[in-house]
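Residue numbers (my numbering): 0 to 936. Backbone N, C-alpha and C define an ideal beta-carbon position, used for all residues, glycine too. The structure presented is a predicted model; accordingly, all values stated were derived computationally and were not measured. Worksheet: one structure, shown below.
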């Protein structure tokens, strides 16, 4: 319940922000308030902001009423800088502006752009942005800049601070400044002379104190994100240059960033990598000092526990298991403009290290598939620890930096501290060229003794880093709440006073992200710790990193996989607290739609998750657990009478199509929407791409003398859903049979096909037993039809094929349309590439089966230009959810029409997906087998 101050603020915001973007319900406050750190604060209000103007008006109101505000981009930061118990402003669906200019030497980016997407836009020009955090596929530009996030290659030379050109900002009182616009600068100087004058005065103070100036310059020779970017005061004279560089790494405590202009950096076309193995850490660190002077782009250090954590994983080099207990590794990458230069650099690097003891000879590989395997060692380290931790514990990744010449001693001492406090599972790795180490360990914050153990470790680590090595307590993850109590310890009183002055100059009321970077509470890092109670065995390893979120179809309407897990964890926690029963009931009720009802269960989240969690499996498991006896009996009946039910559905589709023909699209759309709403979404929502029903498939005689035979299993969807009204084309089974016979194949249908089903429709709703029963029935029919697995089986629907591959007898040789055509038909058909531009949608299951390349190859044989729309992943139709929860499909495909507007038609491998794709893409979508049939003879 909001108090009067926050109610007043909410009501004022509601005058210009739509109600659906102002969140105050308990479930979404919890879910949206969670980030990747191990801190938990629940906001009172979450506002999804869509424009700079909205942010300015909100901040003016907050400034007037004394309301604290925190900004959130992707929520992948690790130090607690994006959580609040006040008002959280989240970037909404917009903020995707991107402009490349000056021969791609510069790029303007709005804060909602994901880092990897910016690089994808720059790739055709051979450029990229400088910052390269490990989370670049998920984190957004706003967070990258606000944290001065770096990574394996950018070091201190190509991070946001060094590549920043201009900023557009909104200040605490709502004032907007564009640092690249002279008129905006002049207006800002007139309105806020105290900010400009204050920064000029701070620079004068620093330059008049040689020891302080030298201290600042020294501290930024290595990676450092502890506190504010004080180097701005010594690197620049112009107050606007100082201002914009102070914003870098300020973690939302000084202003809101609404646009950033970066100077781009070169993305070299030629690369090679080598995994160098050393007898011990000291030797590896000494080799790093040598490599610092060589033409290397990245040098990643891994200690023996780190290597041991991944040595048993698939794809790892077998020699990792043979290393001694003291061994260490450097993963080294070199890059060049051409092959000759690359070869020369490799030779130079090898020569420089010729006298260094090695466990194995240095072997560089320029082959992308080979060096990708080497980098998978490095990428697998953090997940390796996270996946084996005990339920209820969190995985912590700290990052520190040392002068590179002292890296060996510091690494050994850090290993000793981890051993001293019993963190036996801890591993150490990092960006060795910059003296930047990450150490990863698991921690239980539910036990006061364990919290004390963590506190003691951090006290010793901070003392070691600061007192003995004069290093950085935070190298690239930002200060946040985690290191705020230690900023003065690292920097000293004079520098800390400068930081306090900076905060006061920008945010005199202290309303922007309070408690972050500067926090007078010496125990702040031990407060508001996030509970991680057991939720479900399928998701308990979740580290709440948020890497899954960009790929989730429901991310803009309800919850993401991370948020579903967060919510279910809280629900499970409340079950054990009787006095919280009312709160529990509210969360459960809200979760019905937010968590379950809009989960497509597509499983793509598992492809992005560092520990491989498929949240859709949890959703299906919960559906199974909560299925009532009556629902199970109904599922039993449907399974037992499947052919009749399927024919009834086909008949209904035919009837609805006939009504559509008479009543027209406008009437059907309006009446269907009214019925859908009136029935509380129990009646499916009709749409203009609703397919017609189909008649029974008639099998034809098979020529037993023909050695070319295939068993064709049309999915129940393909058997009963024909083309949409207005499409004058044959059904998918008809086209498939025609294509197969064109290639000289005899087509065999399994017996009793009308009643066969792979079980996918049952499994997705949680009816596991019924799904397995249908699978067993299908397995028996296919084994008979294929003569015990002798003949190949073609299934025309990729979601069905995926389940069949997972559960049916391994003797069955099961093929998806693209793979079957390429493997069995292409040498028997003549392909004619048509001069047209077509869209290709790779279904979720095709992606999980690794078939994107096959689909592209096949489509490329048929059409001159094939477009795979960027950032369109799961279509959100999810079997029948496109009819029952149409908003999920609409949200997932919101941008599709613009991306395929120049295409004549689209192709995929799932009929229901094609319904939604055609509806929202505004072009016809059909099975890729239609395209193959059209383009072959």
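For residue i, does the three-state DSSP call read helix, strand or coil?
| i | result |
| --- | --- |
| residue 555 | coil |
| residue 427 | strand |
| residue 871 | coil |
| residue 899 | coil |
| residue 906 | strand |
| residue 919 | helix |
| residue 819 | helix |
| residue 252 | coil |
| residue 542 | coil |
| residue 273 | strand |
| residue 361 | coil |
How big is the Cα-Cα spacing for residue i and residue j?
| i | j | result |
| --- | --- | --- |
| residue 887 | residue 270 | 41 Å |
| residue 853 | residue 846 | 10 Å |
| residue 211 | residue 244 | 19 Å |
| residue 3 | residue 911 | 49 Å |
| residue 215 | residue 230 | 6 Å |
| residue 438 | residue 304 | 11 Å |
| residue 193 | residue 173 | 16 Å |
| residue 881 | residue 809 | 32 Å |
| residue 227 | residue 250 | 9 Å |
| residue 414 | residue 428 | 11 Å |
| residue 240 | residue 232 | 9 Å |
| residue 718 | residue 559 | 33 Å |
| residue 690 | residue 449 | 59 Å |
| residue 19 | residue 601 | 26 Å |
| residue 520 | residue 484 | 6 Å |
| residue 798 | residue 727 | 26 Å |
| residue 393 | residue 859 | 46 Å |
| residue 389 | residue 530 | 14 Å |
| residue 110 | residue 72 | 7 Å |
| residue 937 | residue 692 | Given a span of 0 to 936 for the chain in the structure shown, any question on residue 937 remains unanswerable. |
| residue 604 | residue 213 | 48 Å |
| residue 874 | residue 186 | 47 Å |
| residue 398 | residue 42 | 27 Å |
| residue 516 | residue 137 | 23 Å |
| residue 650 | residue 538 | 41 Å |
| residue 293 | residue 153 | 16 Å |
Within this structure, are the beta carbons of residue i and residue j separated by less than 8 Å?
| i | j | result |
| --- | --- | --- |
| residue 33 | residue 543 | yes |
| residue 877 | residue 833 | no |
| residue 896 | residue 920 | yes |
| residue 589 | residue 26 | yes |
| residue 132 | residue 115 | no |
| residue 125 | residue 332 | no |
| residue 298 | residue 329 | yes |
| residue 927 | residue 857 | yes |
| residue 802 | residue 901 | no |
| residue 36 | residue 222 | no |
Name, in chain order, the residues that DSSP records as bridge partners for residue i.
| i | result |
| --- | --- |
| residue 692 | 720 |
| residue 794 | 712 |
| residue 177 | 167 |
| residue 131 | Note: residue 131 sits in no beta bridge, so no partner. |
| residue 442 | 393 |
Within 7 Å: the Cβ of residue i and any heavy atom of the ligand FMN?
| i | result |
| --- | --- |
| residue 11 | Looking for the ligand FMN in the displayed structure turns up nothing, as the structure carries no ligands at all. |
Compare the C-beta of residue i with all C-beta atoms of chain D and state if any pair is closer than 8 Å.
| i | result |
| --- | --- |
| residue 217 | In summary, chain D is missing from the structure at hand, where a single protein chain is found. |
Three CB pairs or more closer than 8 Å across the region 814–832 and the region 784–792: Put simply, the region 814–832 touches the region 784–792. At least three CB pairs are less than 8 Å apart.
Inspect the CB distances between the region 202–216 and the region 453–467 and report whether three or more fall short of 8 Å. No: the two stretches stay apart, fewer than three of their Cβ pairs being nearer than 8 Å.
Inter-stretch contact (C-beta, 8 Å, three-pair minimum) for the region 564–583 and the region 347–362: The answer is no - the region 347–362 does not touch the region 564–583, with fewer than three Cβ pairs under 8 Å.
Touching or not, the region 155–171 and the region 129–145, by the rule of three or more beta carbon pairs under 8 Å? Yes, they touch.
Does the region 560–579 come within contact of the region 481–493, defined as at least 3 CB pairs closer than 8 Å? The region 560–579 vs the region 481–493: no contact.
Pairs of beta-carbons, one from the region 356–367 and one from the region 298–317, closer than 8 Å: are there three or more? By the Cβ criterion, the region 356–367 is not in contact with the region 298–317, since fewer than three pairs of Cβ atoms, one from each stretch, lie closer than 8 Å.
Are the region 718–738 and the region 776–786 in contact at 8 Å, needing three or more beta carbon pairs? The region 718–738, when compared against the region 776–786, does not touch it at the 8 Å Cβ threshold.
Does the region 630–643 touch the region 568–578, meaning 3 or more C-beta pairs lie closer than 8 Å? Taking a cut-off of 8 Å on C-beta distances, the region 568–578 does not touch the region 630–643, as fewer than three cross pairs fall below it.
Using 8 Å as the cut-off, can you tell me whether the region 364–371 makes contact with the region 418–426, which would need three or more C-beta pairs spanning the two stretches below that distance? The region 364–371 is not in contact with the region 418–426.
Would the region 740–752 and the region 705–724 be scored as touching if the rule is three or more Cβ pairs under 8 Å? Cβ pair count under 8 Å is three or more, so yes.
For the region 44–62 against the region 440–459, do three or more pairs of beta-carbon atoms, one drawn from each stretch, fall closer than 8 Å, so that the two count as touching? The region 44–62, when compared against the region 440–459, does not touch it at the 8 Å Cβ threshold.
Cβ contact (3+ pairs, closer than 8 Å) linking the region 671–688 and the region 751–765: With a cut-off of 8 Å, the region 751–765 and the region 671–688 do not count as touching, because too few Cβ pairs lie within range.
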